[in-house]
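Since the structure comes first, as structure tokens, the remarks are kept for the end.
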Amino acid sequence: MIESPIQRRRSRQIQVGSVPIGGDAPIAVQSMTNTNTCDVAATVVQIEAIVDAGADLVRVSVPTMEAADAFGKIREQVTVPLVADIHFDHKIALKVIELGVDCLRINPGNIGREDRVRAVVSSCRDHGVPIRIGVNAGSLEKELQKKYGEPTPDALVESAMRHIDILDRLDFTEFKVSLKASEIFMTVAAYRNIASQIEQPLHLGITEAGGLRSGTVKSAAGLGMLLMDGIGDTLRISLAADPVEEVKVGFDLLRSLRLRSRGINFIACPSCSRQTFDVIGTMNQLEARLEDVKTALNVAVIGCVVNGPGEAKEADLGFTGGNPESLALFIDGKPAARLPGSDFLDELESMIRKQAKIKEDERAELIAHSADTH
Numbered sequence: 000m001i002e003s004p005i006q007r008r009r010s011r012q013i014q015v016g017s018v019p020i021g022g023d024a025p026i027a028v029q030s031m032t033n034t035n036t037c038d039v040a041a042t043v044v045q046i047e048a049i050v051d052a053g054a055d056l057v058r059v060s061v062p063t064m065e066a067a068d069a070f071g072k073i074r075e076q077v078t079v080p081l082v083a084d085i086h087f088d089h090k091i092a093l094k095v096i097e098l099g100v101d102c103l104r105i106n107p108g109n110i111g112r113e114d115r116v117r118a119v120v121s122s123c124r125d126h127g128v129p130i131r132i133g134v135n136a137g138s139l140e141k142e143l144q145k146k147y148g149e150p151t152p153d154a155l156v157e158s159a160m161r162h163i164d165i166l167d168r169l170d171f172t173e174f175k176v177s178l179k180a181s182e183i184f185m186t187v188a189a190y191r192n193i194a195s196q197i198e199q200p201l202h203l204g205i206t207e208a209g210g211l212r213s214g215t216v217k218s219a220a221g222l223g224m225l226l227m228d229g230i231g232d233t234l235r236i237s238l239a240a241d242p243v244e245e246v247k248v249g250f251d252l253l254r255s256l257r258l259r260s261r262g263i264n265f266i267a268c269p270s271c272s273r274q275t276f277d278v279i280g281t282m283n284q285l286e287a288r289l290e291d292v293k294t295a296l297n298v299a300v301i302g303c304v305v306n307g308p309g310e311a312k313e314a315d316l317g318f319t320g321g322n323p324e325s326l327a328l329f330i331d332g333k334p335a336a337r338l339p340g341s342d343f344l345d346e347l348e349s350m351i352r353k354q355a356k357i358k359e360d361e362r363a364e365l366i367a368h369s370a371d372t373h
């Protein structure tokens with residue numbers, strides 16, 4: 000297998016609750032709730048679903064003081080690090096800091112005067128809370144809108160640098176930065192620019208990317224360019240969809256670039272007339288049945304003998320067509336068994352789960368051995 004050519008940009012590491020961001024830490028995947036924050040029960044349920052999908056952090060919008068009170072109750076019921084999304088009213092930020100927030104996202108375009116930022120920074124310092132400076136093309140400061148005429152990469156960077164300058168003057172270093180637009184090339188140019196100027200961790204995202212399909216494609220195109228450059232310490236795939244899907248797409252993107260692995264990486268043919276079993280139906284069933292598997296595992300599902308054996312030999316577990324009555328199963332590149340040409344899903348699922356357990360045990364043993372030798 001070809002080694003990943005990606006060399007990650009070295010960034011300063013900060014801590015968001017229990018999750019390290021930047022430095023040599025894994026790229027963190029996050030999502031954001033889309034419930035009414037004041038509906039504590041519904042928000043907690045959604046946070047738990049997002050965490051079950053693998054999210055390292057969850058962002059929650061806190062638009063009012065009432066929502067801040069609800070945030071405090073939510074904080075008591077979940078363990079995942081929470082990022083509070085604050086706009087317009089810095090007093091809300093001060094309140095959620097007192098209620099145990101793990102990170103604040105503030106928007107330079109609407110948080111207000113420098114004295115308000117100073118008050119927030121002072122409280123963050125006292126409580127050990129980091130900040131995300133979250134610049135968005137749709138809400139730039141009025142003077143920058145006038146200066147540039149429209150959102151541009153330089154406008155996004157200037158907005159961020161203004162607030163970075165405030166934090167620098169206050170000797171506050173526990174922050175990360177994002178510069179988001181819905182236009183891919185604007186976003187990529189802005190991130191590349193600021194990545195060369197600062198050492199802080201960068202949170203990646205294409206804002207308002209679109210629905211599940213279009214937003215996934217747009218995010219993969221934009222964030223893929225940045226990740227290939229080694230830029231990015233945490234990310235969110237912004238979709239007009241269930242937040243759980245954002246997490247799945249985020250991990251799929253990182254896995255495809257070999258930056259982080261979680262769950263099963265399926266290698267499957269698009270199927271054609273040569274297939275000797277229903278590849279698409281099998282894939283749909285396996286993905287649904289095996290969503291709970293967290294172990295990184297490569298599974299090949301190929302419908303015929305043209306590419307099947309070759310792909311299967313490169314996977315942890317491979318399943319290939321050829322003989323309609325007897326389908327081949329490979330484990331670690333070697334023929335391991337044959338399954339009937341129909342009614343094989345239960346047995347195939349069982350074999351995949353067994354292989355995942357073996358891989359998980361092997362990794363645990365390696366970690367334990369490494370700890371013993373140190």
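According to numbering that gives the first Met the number 0, the sequence shown holds residues 0 to 373 in order.
Glycine residues also receive a C-beta, built at the ideal position from the N, C-alpha and C atoms.
DSSP places threonine 215 within a helical segment (H, G or I) once states are collapsed to three. Taking each of Gly229, Gly231, Arg235 in turn and checking the Cα distance to serine 218, the smallest one comes out for Arg235. Its Cα nearest to that of glycine 302, the residue Leu328 stands out among Leu328, Leu296, Lys293. Non-local beta-carbon contacts of glutamine 284 in its own chain, meaning distances under 6 Å to residues more than five positions away in sequence, involve Leu344 in chain order.
Within the model, the alpha-carbon separation for aspartate 232 versus isoleucine 197 is close to 13 Å. In chain order, Ile85, Leu103, Val119 place their CB closer than 6 Å to the CB of alanine 92, counting only its own chain and leaving out the 5 sequence neighbours on each side. In the three-state reduction of the DSSP assignment, cysteine 102 falls in the strand class, which pools E and B. With respect to the C-alpha of proline 323, the residue from Phe276, Ile96, His89 having the closest C-alpha is Phe276. Closest by C-alpha distance to isoleucine 279, out of Gly127, Leu222, Cys268, Leu289, is Cys268. Remark: fewer than three beta-carbon pairs, one from each stretch, lie closer than 8 Å, so the stretch 38 to 45 and the stretch 0 to 20 are not flagged as touching. Serine 272 sits in coil when the DSSP states are folded into three classes, being neither helix nor strand. With contacts defined as CB atoms closer than 8 Å, threonine 186 and leucine 178 qualify as a contacting pair. Rounded to the nearest angstrom, the gap between the Cα atoms of glycine 71 and glutamate 207 is 28 Å. With fewer than three CB-CB distances shorter than 8 Å, the stretch 243 to 259 does not count as touching the stretch 59 to 69.
In the structure shown, glycine 111 falls within a coil segment according to DSSP collapsed to helix, strand and coil.
A direct Cα-to-Cα measurement between proline 25 and arginine 11 gives close to 13 Å. Looking from the CA of glycine 317, the closest CA among Asn306, Leu326, Val298 belongs to Val298. Sequence-distant partners of leucine 238 (beyond 5 residues in either direction) whose C-beta falls short of 8 Å from its own C-beta, in its chain, are Ala208, Gly209, Gly210, Leu211, Gly214, Thr215, Ser218, Glu244, Glu245, Val248. Residue state for aspartate 23 is assigned as coil, using DSSP reduced to three classes.
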